[in-house]
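>
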Amino acid sequence: MRSRPIFLVFSVLTSRACQVILQWNMITRSGFDRRSSSAVNSPSATMVRLILTDFDEWRVICDFLSTQALSIRANRWSSTSGFTRPISRVELGEAVSMETRLSLLAIGDCNTEGCEVLPEQSSLPTQLAKLLSQRGYAVDVQNWGRTMSTSREGFHRLRREPVIADIALINFGLVDSWVTTIPKFYIPYYPDSLMRKWGRKLLKMAKRRLRKPWLSRIVPCGEVVPLAEFRDNVERMIERLRAVNPATKVVLWGSVPVLHDRDRNLRLTDYNRSLRELADKHNASYLDVDDIVASLPTEAAYIDAVHLNAPALALIAEAMVECLGSWDTDQHNLFRMVA
Numbered sequence: 014m015r016s017r018p019i020f021l022v023f024s025v026l027t028s029r030a031c032q033v034i035l036q037w038n039m040i041t042r043s044g045f046d047r048r049s050s051s052a053v054n055s056p057s058a059t060m061v062r063l064i065l066t067d068f069d070e071w072r073v074i075c076d077f078l079s080t081q082a083l084s085i086r087a088n089r090w091s092s093t094s095g096f097t098r099p100i101s102r103v104e105l106g107e108a109v110s111m112e113t114r115l116s117l118l119a120i121g122d123c124n125t126e127g128c129e130v131l132p133e134q135s136s137l138p139t140q141l142a143k144l145l146s147q148r149g150y151a152v153d154v155q156n157w158g159r160t161m162s163t164s165r166e167g168f169h170r171l172r173r174e175p176v177i178a179d180i181a182l183i184n185f186g187l188v189d190s191w192v193t194t195i196p197k198f199y200i201p202y203y204p205d206s207l208m209r210k211w212g213r214k215l216l217k218m219a220k221r222r223l224r225k226p227w228l229s230r231i232v233p234c235g236e237v238v239p240l241a242e243f244r245d246n247v248e249r250m251i252e253r254l255r256a257v258n259p260a261t262k263v264v265l266w267g268s269v270p271v272l273h274d275r276d277r278n279l280r281l282t283d284y285n286r287s288l289r290e291l292a293d294k295h296n297a298s299y300l301d302v303d304d305i306v307a308s309l310p311t312e313a314a315y316i317d318a319v320h321l322n323a324p325a326l327a328l329i330a331e332a333m334v335e336c337l338g339s340w341d342t343d344q345h346n347l348f349r350m351v352a
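The numbering of the sequence shown is the numbering used here, which starts it at 14 and goes up by one.
1) Which full runs of the beta strand (DSSP E) of 3+ residues lie inside the region 200-261, going along the chain?
2) Would you list the residues sitting across from I180 in a DSSP beta bridge?
3) In the structure shown, what three-state DSSP assignment does G158 receive?
4) Can you tell me which of the three DSSP states L141 falls into?
5) So, for F168: in the same chain, excluding its five sequence neighbours on each side, which residues have a beta-carbon less than 6 Å away from its beta-carbon?
6) Name the DSSP beta bridge partners of L300, please?
7) Mark R170 as exposed unless 16 or more other C-beta atoms lie within 10 angstroms of its C-beta, in which case mark it buried.
8) Which class does A318 belong to by DSSP, given the choice of helix, strand or coil?
9) Assess contact between the region 109-129 and the region 181-196, defined as three or more Cβ pairs (one per stretch) separated by less than 8 Å. Is contact present?
10) Given this structure, state the Cα-to-Cα distance separating R244 from L215, to the nearest angstrom.
11) Alpha carbons only, please: which of V237, A260, T311 is nearest the one belonging to V176?
12) Quick one: what does DSSP say T163 is sitting in, helix, strand or coil?
13) Can you pull the DSSP bridge partners for T193?
14) Starting from the C-beta of S146, find all residues in its chain whose C-beta is less than 7 Å away, skip the five residues before and the five after it, and write them out in chain order.
15) Where does the unbroken alpha helix (DSSP H) through D293 begin, and where does it stop?
16) Would you list the residues sitting across from D122 in a DSSP beta bridge?
17) So for V271, helix, strand or coil by DSSP?
18) What three-state label does DSSP hand V152 in the structure shown?
19) Let me make sure I understand the geometry here. Which of E335, C336, E312, L337 has the alpha-carbon closest to that of A325?
20) Hey, how far is the Cα of L337 from the Cα of K262?
21) By how many angstroms is the C-alpha of P239 removed from the C-alpha of R148?
22) Taking buried to mean at least 16 other C-beta atoms within 10 Å of its own C-beta, is E236 buried or exposed?
23) Touch check for the region 277-285 and the region 216-234: three-plus C-beta pairs under 8 Å?
24) Let me know the secondary structure DSSP gives C128 once reduced to three states.
25) Would you decide whether E166 is buried or exposed? Buried here means 16 or more other CB atoms lie within 10 Å of its CB.
26) Cα separation between R289 and D205?
27) Have a look at G121 and T194 and give me their C-alpha separation to the nearest angstrom.
28) Along the alpha helix (DSSP H) that carries V334, what are the first and last residues, could you check?
29) Please work out which residues of its chain come closer than 8 Å, Cβ to Cβ, to N278, disregarding the five sequence neighbours upstream and downstream, and give them in chain order.
30) Here's a check: name, in chain order, each residue in its chain whose Cβ is nearer than 8 Å to the Cβ of S57, leaving out the five neighbours to either side.
31) Please classify A241 as buried or exposed, where buried requires at least 16 other C-beta atoms within 10 Å of its C-beta.
32) Can L171 be considered in contact with the ligand MN, in the sense that its beta carbon sits closer than 8 Å to one or more heavy atoms?
33) Under the three-state reduction of DSSP, which class applies to S135: helix, strand or coil?
34) If you compare alpha carbons, which of A307, N322, E331 is closest to P132?
35) Which class does S146 belong to by DSSP, given the choice of helix, strand or coil?
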């Protein structure tokens, strides 16, 4: 009996140690952090670089150890044989009067966050929470949508800030599929800092100069996040969410077409196809929003060429409620589970 608290403490420390190692790796490789440049070039940072020479191998090891620790923390302990299967917050019966409390996490780009000209209550996660509340659920919303975010930022944040979610919405691809010059030179938006903001400004300025026609033949161009990396990032996000709570209902929803950019829409089709394939692979749900948006006039669906308007987001939220209610009938029907 005494070994359980000790094992739990060990799992927590293991998880934190893995996060520290991965954070140090990000600092030493990017060169952009809240610390000064001298800290990045300090002897301790140099030592970490030498230790983490093969980043891919260390990342796999750290992810595995951290995932195991998070799984233990998300399990309930049994009075007889250690612990039983993981349970969701829904099964724990966290209820307020006649309501059932759900945790909703939304990870994505600008259309998840909601365009800045829209009020907060018009964002997709908030509208979905409102529809669920009409069914008798008290919903805690965490909107992790950020403008200009890619699947890289989504995975890094989920790795650094693990959360227990009953419903997880994932939407990336709009920025991932954007074609830029020298795509390997990239400064993430998360975790952000003043130095990174200045670095992005300088990098964007340099890339604009490299777009000149006489340089286009020699300067490499490509997607901000290549399709293979995009697929890997989203897959690891799903695995991370399920490691904390295996009962998490994951909904992948595709990026909407942009206006007046046929080539970009063709690339978005490939990225959305990857989301659909990942949904099938990981027993998640995929929501194709193209037909939903097409059912509205352009001026009623878009604020500009990229950002969705409140009516379009409302229709997508309604489709998500139907998606959650009809998900694999018995085993994964959210509303049957909490009824």
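All C-beta atoms, glycine included, are put in the ideal place defined by N, C-alpha and C.
Reading it off the structure:
1) 234-236
2) One-based indexing of the sequence shown puts residue 180 at position 167. Note: I180 sits in a beta bridge opposite L117, K262.
3) Walking along the sequence shown from the start, residue 158 turns up at place 145. The answer is strand: DSSP assigns G158 an E or B state.
4) As a position in the sequence shown, residue 141 is number 128, starting the count at 1. It is helical.
5) Taking the sequence shown and counting its residues from 1, the one referred to as residue 168 is at position 155. Here the set comprises N246, R249, M250.
6) Your numbering for residue 300 matches position 287 in the sequence shown. BP columns for L300 point to W266.
7) The residue you call residue 170 lines up with position 157 of the sequence shown. Label assigned to R170: buried.
8) Taking the sequence shown and counting its residues from 1, one reaches residue 318 at position 305. Correct three-state label for A318: coil.
9) yes
10) To locate residue 244, count along the sequence shown from 1; it is residue 231. To locate residue 215, count along the sequence shown from 1; it is residue 202. Each residue's alpha carbon lies about 29 Å from the other.
11) Residue numbering aside, residue 176 sits at position 163 when the sequence shown is read from its first letter. For the residues V237, A260, T311, the minimum Cα distance to V176 belongs to A260.
12) On the sequence shown, position 150 is the one that residue 163 refers to. In this structure, T163 counts as coil in the three-state DSSP scheme.
13) The residue labelled residue 193 in the question sits at position 180 within the sequence shown. DSSP lists G235 as partners of T193.
14) For this step, residue 146 is matched to residue 133 along the sequence shown. Once the five neighbours on either side are set aside, the close Cβ partners of S146 are V152.
15) Residue 293 sits at position 280 when you count from the first residue of the sequence shown. Segment 275-294, the alpha helix (DSSP H) holding D293.
16) Within the sequence shown, the letter at position 109 stands for residue 122. According to DSSP, D122 bridges with nothing at all.
17) What you label residue 271 is simply residue 258 of the sequence shown in a count that begins at 1. Here V271 sits in coil by DSSP.
18) Looking up residue 152 in the sequence shown gives position 139. Three-state DSSP puts V152 in a strand.
19) Position 312 of the sequence shown, counted from the start, is the residue given in the question as residue 325. Ranking the options by Cα distance to A325, first place goes to E312.
20) As a working mapping, residue 337 is identified with position 324 in the sequence shown. As a working mapping, residue 262 is identified with position 249 in the sequence shown. Spanning the two alpha carbons is a distance of roughly 8 Å.
21) To locate residue 148, count along the sequence shown from 1; it is residue 135. To locate residue 239, count along the sequence shown from 1; it is residue 226. For R148 and P239, the distance between alpha carbons rounds to 40 Å.
22) Taking the first residue of the sequence shown as 1, we reach residue 236 at position 223. E236 is buried by the Cβ-count criterion.
23) no
24) Position 115 of the sequence shown, counting from 1, holds the residue named residue 128. C128: coil per DSSP, three-state reduction.
25) For this step, residue 166 is matched to residue 153 along the sequence shown. That one is buried.
26) Counted from its first residue, the sequence shown places residue 289 at position 276. Counted from its first residue, the sequence shown places residue 205 at position 192. Approximately 30 Å, taken between the alpha carbons.
27) Residue mapping note: residue 121 aligns to position 108 of the sequence shown, counting from 1. Residue mapping note: residue 194 aligns to position 181 of the sequence shown, counting from 1. Roughly 23 Å between the two C-alpha positions.
28) The residue given as residue 334 occupies position 321 in the sequence shown. Run containing V334: 323-338, per the alpha helix (DSSP H) assignment.
29) Counted from its first residue, the sequence shown places residue 278 at position 265. Taken in chain order, the residues that qualify are P270, V271.
30) Position 44 of the sequence shown, counting from 1, holds the residue named residue 57. Only weak support is given to the placement of S57: the predicted model assigns it a pLDDT of 48, under 50, and the question is left unresolved by the model.
31) Here residue 241 is taken as the residue at index 228 of the sequence shown, counted from 1. Counting Cβ neighbours within 10 Å, A241 comes out exposed, since fewer than 16 surround it.
32) Among the components modelled here there is no ligand, and therefore nothing to report on the ligand MN.
33) Taking the first residue of the sequence shown as 1, we reach residue 135 at position 122. Of the three classes helix, strand and coil, the one that applies to S135 here is helix, per DSSP.
34) In the sequence shown, counting from the first residue as 1, residue 132 sits at position 119. Nearest of A307, N322, E331 to P132, Cα basis: N322.
35) Taking the first residue of the sequence shown as position 1, residue 146 is located at position 133. DSSP places S146 in helix when its eight states are reduced to three.
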